Amino acid sequence: MVLQTALYHLIIKWIFSLFLTVIHSLKYFYTASSGVPNFPEYVSVGLVDEVQISHCDSNTNRNVPKQDWMNKVTADDPQYWDRQTQICVGNQPSFKASIGIVKQRFNQSGGLFMFNFLLKYGGIYS
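Below is the structure:
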């Protein structure tokens, strides 16, 4: 009887997981620029389900949450935003180098340049 009850609960959990499965997306947009007045040389923006959750740029050098619920989610990990800031600041040199490579290959020393990159995670989560 115990085995049947355990099996019954396992089947119920499996059925509920099928119907309660949610599809979410996580995207990060990265932009490097050169020669754009009043615009940071580097910007990264995080989105969950097309809602902005984080922002970092080369002017502030700080990754900050853009939704109140992000503070709640990360409350049990006080170093989370410091690590995200380190990632943001660490990415900046490679994006700046990419702009330099493009300028060199096109034999340009000035003008406006932008390099965009999208990193997308998507899937089914329960």
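Following my numbering, the numbering of the sequence shown begins with 9 at its first residue and continues without gaps. The beta-carbon is built from N, C-alpha and C at its ideal position, and this holds for glycine as well. The structure presented is a predicted model; accordingly, all values stated were derived computationally and were not measured.
Environment of Val59 [buried if 16+ CB atoms lie within 10 Å]: Counting Cβ neighbours within 10 Å, Val59 comes out exposed, since fewer than 16 surround it.
DSSP three-state assignment for Lys80, whether helix, strand or coil: Lys80 carries a helical assignment under DSSP once its states are collapsed to helix, strand and coil.
Extent of the continuous alpha helix (DSSP H) to which Asp90 belongs: Segment 88-113, the alpha helix (DSSP H) holding Asp90.
Reference Ser41; option with closest CA among Ile109, Arg113, Lys128, Lys104: The option with the nearest alpha carbon to Ser41 is Lys104.
First and last residue of the uninterrupted beta strand (DSSP E) at Gln60: For Gln60, the enclosing beta strand (DSSP E) begins and ends at 59-65.
DSSP-derived helix/strand/coil call for Gly54: Of the three classes helix, strand and coil, the one that applies to Gly54 here is strand, per DSSP.
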